[in-house]
Amino acid sequence: MGKKLKAVIAAVAALVTVGSLAACGSSSSSESDSGVKTVKIALETQDPPYSYADKDGKPAGFDLDVLKSLDEKLTDYKFEYELVDYQTALVGTKQGKYDAVVGAFFKTDARAKDYLLSKPYDYFFMNLIVPEGSKINKLEDLNGKTLDPIVPTDGRYVAIQDWLKRHPDVKIEVPTVTNQETFKDMFDAVHAGSYDAVYLSKAQYEGVADTLGYKMKVTDPVDAAGIRILYNKKQTDLQKAVDEQISAQIKDGSLAKLTQKHFGQDDFTEAKKLGVTIE
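Right, here's the structure in full:
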């Protein structure tokens, strides 16, 4: 075989090899770029019954069920979850470690500045949790009294301040703290007489009631606010896709069924009774 023919054969073989490798690489890339995007979602560890770690340390709660229901219909996305504490979840989402954080968050000006916000996927009902035998039944009964402290960035703080603006004749002291207390710490403080009431939900009280060693009185709902997913600012496509699915699952009753399962009521209907406009 002549040198020239050998050179041609070698060149063709090299091209075939390169082409085969390129084809393999292209196939692998198409699998990883199949159009399904993995979304990293931070879930709070200590927010029962919305989000918490079960006995095996795995995510559990209402928020997880909502996310699974949404993810089932969002064929272009696959949700992955990580349980982290409150501050780590917020900071990690803002910095891009997580694409979103879920944990019964209200809309506030500060959050709207730092994150993209979803439509409300549920409504959080604020109750007053007070000692057994207390005559406190509504916010007006706290005139001249003191709530358990609230972190200023907590949506509850914004909600109570909004309520106080609408009721200027009612004077309620709302102390603030830097770090969020556990629910048990909140109830312990009120049970001990340090404060007059905890401004929180009945569901959150019931989530830890068995661990307290005493009973508290829970009033009827005194206010309600939509709870939302917080996204990293870059996740505009994800925000739009999830919002569309939230609207669809409000319309078909899927989310109402989940609130019935976890809280024993249709939260959307109950929110309307308190004058809330469903978005």
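Read left to right, the sequence shown gives residues -22 to -1, 1 to 257 (mature numbering (1 follows the signal peptide of the UniProt record, and there is no 0)). Where is the CB? At the ideal position from N, CA and C, for every residue including glycine.
| Item | Value |
| --- | --- |
| Every unbroken beta strand (DSSP E) within the segment 61 to 126, with a cutoff of 3 residues, ordered by chain | 78 to 83 and 100 to 109 |
| Neighbourhood of K251 by C-beta, 8 Å cutoff - its chain only, sequence neighbours within 5 removed | none |
| DSSP state of L(-2) mapped onto helix, strand, coil | In this predicted model, L(-2) has a pLDDT of only 37, less than 50, meaning its place in the structure is not dependable enough to derive any value. |
| contact_flag[the segment 59 to 78, the segment 171 to 180] where n(CB pairs < 8 Å) is 3 or more | no |
| Closest residue to D241 among L48, S12, P27 and K15 (Cα-Cα distance) | Note on identity: in this sequence residue 241 is Phe, with Asp being the wrong assignment. Looking at the Cα atoms, P27 is the closest of the given residues. |
| Nonlocal neighbours in the same chain, by C-beta distance under 7 Å from W141, ignoring five residues either side | L117 and D201 |
| Secondary structure, beta strand (DSSP E): runs of 3+ residues fully inside the segment 182 to 246 | 194 to 196 and 201 to 209 |
| Y209 versus D25: straight-line alpha-carbon distance, rounded | 19 Å |
| L52 vs A226 beta-carbon contact at 8 Å | no |
| DSSP state of L252 mapped onto helix, strand, coil | coil |
| Supposed contact pair F103 and S179 - C-beta distance, whole angstroms, cut 8 Å | 6 Å |
| Per-residue DSSP class, three states only, for A170 | coil |
| Proximity of T16 and K56 at Cβ, strictly below 8 Å | yes |
| Inter-residue Cα distance where the pair is P127 and F165 | 11 Å |
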